[in-house]
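> Here's a structure for you.
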Amino acid sequence: QSLEELIRILHQIFAEDKVSVEEVQALMESYESNPEEWLQYAKFDQYRYTRNLVDSGNGKFNLMILCWGEGHGSSIHDHTDSHCFMKILQGNLKETLFEWPEKKGNGEMIKKSERVVRENQCAYINDSIGLHRVENISHTETAVSLHLYSPPFDSCNTFDQRTGHKHKVKMTFYSEFGERTHC
Amino acid sequence: LPAGLSQWFPSLEVLDVSGTGLAELGAELLALPCLHTLLAKNNRLGGPGSLPKGLGQAALGRSLRVLNLSGNRFLEVPPALFGLRGLRSLSLGGNRLHSIPPDIQELRSLEFLYLGGNFITSIPPELANLPSLSYLVLCDNKIQSIPPQLAQLHSLRSLSLHNNLLTYLPREILNLVHLEELSLRGNPLVVRFVRDLTYNPPSLLELAGRTIKTRNVAYAPSDLPENLVRYLSLASNCPNPKCGGVYFDSCVRQIKFVDFCGKYRLPLMHYLCSPECSSPCSSASQSSTSQSESDSEDEASVAARRMQKVLLG
Chain S
1 QSLEELIRIL HQIFAEDKVS VEEVQALMES YESNPEEWLQ YAKFDQYRYT RNLVDSGNGK
61 FNLMILCWGE GHGSSIHDHT DSHCFMKILQ GNLKETLFEW PEKKGNGEMI KKSERVVREN
121 QCAYINDSIG LHRVENISHT ETAVSLHLYS PPFDSCNTFD QRTGHKHKVK MTFYSEFGER
181 THC
Chain V
1 LPAGLSQWFP SLEVLDVSGT GLAELGAELL ALPCLHTLLA KNNRLGGPGS LPKGLGQAAL
61 GRSLRVLNLS GNRFLEVPPA LFGLRGLRSL SLGGNRLHSI PPDIQELRSL EFLYLGGNFI
121 TSIPPELANL PSLSYLVLCD NKIQSIPPQL AQLHSLRSLS LHNNLLTYLP REILNLVHLE
181 ELSLRGNPLV VRFVRDLTYN PPSLLELAGR TIKTRNVAYA PSDLPENLVR YLSLASNCPN
241 PKCGGVYFDS CVRQIKFVDF CGKYRLPLMH YLCSPECSSP CSSASQSSTS QSESDSEDEA
301 SVAARRMQKV LLG
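Chains as they are written, first to last, in the UniProt record's numbering: chain S, 1 to 183; chain V, 1 to 313.
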């Protein structure tokens with residue numbers, strides 16, 4: 001199975017009215033990462049992780065590749081009522097789950113769990129499950145992950161771990177369909 | 001590595017010997033005049049003689065731009081490195097370093113320095129003498145404080161400090177105008193207002209020195225013993241812009257909270273000349289943070305506009 005085939009099947013699945021989370025997760029996990037197929041999308045930035053759009057799923061989903069340098073991590077964030085699938089293509093990523101802060105949050109956010117997602121594994125999250133932080137904790141290896149978001153979204157909230165305060169941010173793409181965006 | 005390396009591949013530009021179990025990189029590398037990138041991560045380097053002697057004088061010393069020694073066993077930054085005048089990128093992540101030597105300032109061309117995942121406890125002020133440094137990674141160490149001199153790193157775009165032992169930051173951090181990324185999560189940053197209650201009153205020497213400085217009492221070097229002339233030259237201005245006072249050794253450390261980007265509160269350390277030296281509308285309330293914010297707000301809003309992105313917590 002190849003990346004192209006994966007994308008083709010995803011288009012088929014999402015053309016339907018109902019989509020099964022388990023089916024998508026199993027499908028993504030079944031794709032055996034082959035760097036030759038995705039190297040063109042894997043553009044690294046030395047200062048922070050990058051988001052590289054691979055396919056815009058006929059408006060039903062966004063498929064993108066994230067490139068994480070050593071020590072790069074995200075803030076704690078939500079997923080704007082969308083489904084989020086994260087499959088590791090190379091390296092490992094640590095995912096830390098957090099509880100939603102109280103309405104008048106003014107204390108340290110509560111960690112629910114943490115785990116390391118390994119090569120070819122696929123994790124899933126949505127807002128009802130909680131919030132998460134994703135980071136490449138390796139000081140020697142880079143990491144690459146394949147993300148599917150449905151429906152697509154371009155803004156989310158980031159959260160301060162110490163206080164639970166949230167802050168809306170716009171998300172941008174470092175490259176689209178293999179071409180570097182300049183904005 | 002084979003002794004004939006530089007004869008067989010005289011035009012070698014990139015060499016990757018990562019994950020090969022090497023315990024030393026030898027003199028066979030020295031005569032590679034085109035080698036600009038050397039990757040030797042995840043090996044057994046770290047003992048004496050891990051790097052060849054005479055690195056600074058060799059062809060390699062001039063050509064090397066990128067050196068990755070992450071995932072090895074270095075207990076200290078190997079002094080042989082400091083001859084690499086043209087080095088732009090150095091990674092010693094995931095080693096066993098306990099400190100950063102002041103000689104790091106010899107690497108004049110350094111732009112990228114990765115020291116994450118070591119056992120570093122403090123940062124030498126000499127690190128600030130690297131004029132081109134734009135990316136500095138110090139995460140996952142045991143650092144307790146940041147020297148204020150670090151604010152002199154005008155080219156710094158990204159500073160990674162997460163997972164250390166920082167309780168506050170020096171207020172000079174606001175001067176890093178090009179900083180776009182700053183990670184501070186996983187530090188025991190002070191959340192509540194803390195006032196240093198153990199203020200040691202100044203000595204008579206200090207009081208006399210302060211009076212001379214603040215009242216501009218004239219004196220010539222011939223009037224005073226040399227040690228007093230030297231002492232008077234060490235006066236520091238009180239950082240509080242509303243105060244014209246000076247201090248020598250005795251000062252109050254006060255932690256002020258500055259709102260960054262309207263959301264995050266960073267505890268910044270201020271040195272003041274006395275407990276009385278603070279905003280006019282202050283009263284020493286221990287649990288309220290409002291008085292500490294009000295006089296920092298002007299400088300904070302200016303800094304917040306400059307600092308584009310703060311990754312906190």
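C-beta: ideal position from N, C-alpha, C; glycine also.
#1: Where E13 (chain V) and N126 (chain S) are concerned, what is the direct C-alpha to C-alpha distance, given to the nearest angstrom?
#2: Do you know how far the Cα of G4 (chain V) is from the Cα of S75 (chain S)?
#3: Any residues in the region 114 to 147 of chain S with a beta carbon nearer than 7 Å to a beta carbon of chain V? Which ones, in chain order?
#4: From the DSSP output, which residues share a beta bridge with N126 (chain S)?
#5: Output the residue ranges of the beta strand (DSSP E) runs that lie fully inside the region 14 to 76 of chain V and measure 3 residues or longer, sorted by chain position.
#6: By Cβ distance, which residues of its chain are closer than 8 Å to E70 (chain S), with the 5 residues on each side in sequence left out?
#7: Going along chain S in order, which residues have a C-beta closer than 7 Å to the C-beta of N42 (chain V)?
#8: Does any residue of chain V bring its CB to less than 8 Å from the CB of E70 (chain S)?
#9: Between V:L45, V:I100 and V:S158, which lies nearest to S183 (chain V) when the distance is taken from Cα to Cα?
#10: Please list the partners that E276 (chain V) has in chain S, where partner means a Cβ-to-Cβ separation under 8 Å.
#11: Given a threshold of 16 other Cβ atoms within 10 Å of its Cβ, counted over all protein chains shown, does S222 (chain V) qualify as buried or as exposed?
#12: Name the two residues that bound the continuous beta strand (DSSP E) containing M28 (chain S).
#13: Taking only three categories from DSSP, how would you classify E276 (chain V)?
#14: Tell me which residues of the region 38 to 56 of chain S have at least one Cβ-Cβ distance to chain V shorter than 9 Å, keeping chain order.
#15: Is the beta carbon of S134 (chain V) less than 8 Å from the beta carbon of L156 (chain V)?
#16: Taking 8 Å as the CB-CB limit, is G71 (chain V) close to chain S?
#17: Quick one: Cα of R85 (chain V) to Cα of T211 (chain V), how far?
#18: Name, going along the chain, the residues of the region 5 to 29 of chain V whose beta-carbon falls closer than 9 Å to a beta-carbon of chain S.
#19: At least one CB of chain A closer than 8 Å to the CB of Q90 (chain S): is that the case?
#20: Could you tell me whether the region 141 to 155 of chain S touches the region 52 to 64 of chain V, using the rule of 3 or more Cβ pairs below 8 Å?
#21: With 8 Å as the threshold, decide whether the Cβ of V137 (chain V) is near any Cβ in chain S.
#22: Which partner residues of W68 (chain S) appear in the DSSP bridge assignment?
#23: So the alpha helix (DSSP H) K213 (chain V) belongs to, where does it begin and stop?
#24: Going along the chain, which residues of the region 148 to 164 of chain V sit with their C-beta nearer than 7 Å to a C-beta in chain S?
#25: To the nearest angstrom, report how far apart S89 (chain V) and T214 (chain V) are at their CA atoms.
#26: Name the DSSP beta bridge partners of G73 (chain S), please?
#27: Which residue comes first and which comes last in the alpha helix (DSSP H) that contains L6 (chain S)?
#28: Using 8 Å as the cut-off, can you tell me whether the region 50 to 59 of chain S makes contact with the region 100 to 120 of chain S, which would need three or more C-beta pairs spanning the two stretches below that distance?
#29: Anything in chain S within Cβ reach of F112 (chain V), meaning under 7 Å, just list it in chain order.
#30: So, are the CB atoms of L110 (chain V) and L138 (chain V) less than 8 Å apart?
#31: Could you tell me which chain S residues have their CB closer than 9 Å to the CB of L189 (chain V), listed as they occur along the chain?
#32: Mind reading off the beta-carbon distance from E76 (chain V) to L97 (chain V)? Whole number of angstroms is fine, and I expect it under 8 Å.
#33: Starting from the C-beta of S288 (chain V), find all residues in its chain whose C-beta is less than 6 Å away, skip the five residues before and the five after it, and write them out in chain order.
#34: Name the DSSP bridge partner or partners of I88 (chain S)?
#35: Using a Cβ-Cβ cut-off of 8 Å, state whether G117 (chain V) counts as contacting chain S.
#36: Start and end of the beta strand (DSSP E) containing R230 (chain V)?
On the basis of the supplied data:
#1: Spanning the alpha carbons of E13 (chain V) and N126 (chain S) requires a straight line of approximately 47 Å.
#2: Each residue's Cα considered, the two are about 49 Å apart.
#3: Against chain V - using a Cβ distance shorter than 7 Å - the residues of the region 114 to 147 of chain S are H139 and T140.
#4: Paired residues: none, contrary to the question.
#5: Within the region 14 to 76 of chain V, the complete beta strand (DSSP E) runs of at least 3 residues are 14 to 16, 37 to 39 and 66 to 68.
#6: N136, S138, H139, T140, E141 and T142.
#7: Below the 7 Å Cβ cutoff, chain S contributes T140 as neighbours of N42 (chain V), in chain order.
#8: Chain V, which has a Cβ nearer than 8 Å to the Cβ of E70 (chain S), makes this yes.
#9: Measuring from the Cα of S183 (chain V), the nearest candidate turns out to be V:S158.
#10: Listed along chain S, no residue sits closer than 8 Å to E276 (chain V) by beta-carbon distance, the nearest being about 31 Å off.
#11: For S222 (chain V), the number of other beta carbons within 10 angstroms of its own is below 16, and it is reported as exposed.
#12: Premise fails: M28 (chain S) lies in the alpha helix (DSSP H), V21 to S30, not in any beta strand (DSSP E).
#13: Correct three-state label for E276 (chain V): coil.
#14: So the list reads Q46, Y47 and R48, given in the order they occur along the chain.
#15: The Cβ-Cβ distance between S134 (chain V) and L156 (chain V) falls below 8 Å.
#16: Using beta-carbon distances, G71 (chain V) counts as an interface residue toward chain S, with a partner under 8 Å.
#17: Distance between the alpha carbons of R85 (chain V) and T211 (chain V) is about 48 Å.
#18: So the close ones are S18.
#19: Reference to chain A is not applicable here, since the protein chains of this structure are S and V.
#20: Contact between the region 141 to 155 of chain S and the region 52 to 64 of chain V is absent, because fewer than three Cβ pairs lie under 8 Å.
#21: Output row for V137 (chain V): interface = yes.
#22: Looking at the DSSP assignment, W68 (chain S) forms a beta bridge with S:A143.
#23: Unbroken alpha helix (DSSP H) run through K213 (chain V): L204 to T214.
#24: Taking 7 Å as the cut-off between beta carbons, the residues of the region 148 to 164 of chain V near chain S are R157, S158 and S160, in sequence order.
#25: Cα to Cα, S89 (chain V) sits roughly 47 Å from T214 (chain V).
#26: Bridge partners of G73 (chain S): S:E135.
#27: Residue range L3 to A15 is occupied by the alpha helix (DSSP H) that includes L6 (chain S).
#28: The region 50 to 59 of chain S, when compared against the region 100 to 120 of chain S, does not touch it at the 8 Å Cβ threshold.
#29: Listed by position along chain S, the residues whose Cβ is nearer than 7 Å to that of F112 (chain V) are Q46.
#30: Going by beta carbons, L110 (chain V) and L138 (chain V) fall outside the 8 Å limit.
#31: For L189 (chain V), the C-beta contacts it makes with chain S under 9 Å involve R162, in order along the chain.
#32: That pair is a contact at about 6 Å.
#33: Residue confidence is low: S288 (chain V) scores 36 on pLDDT, short of 50, so the model does not pin down where it sits. Its coordinate-derived value is still stated next. Result list for S288 (chain V): empty, nothing under 6 Å.
#34: Paired residues: S:S145.
#35: With 8 Å as the cut-off, G117 (chain V) counts as an interface residue toward chain S.
#36: R230 (chain V): not part of any beta strand (DSSP E); member of the alpha helix (DSSP H) spanning E226 to L232, first to last residue.
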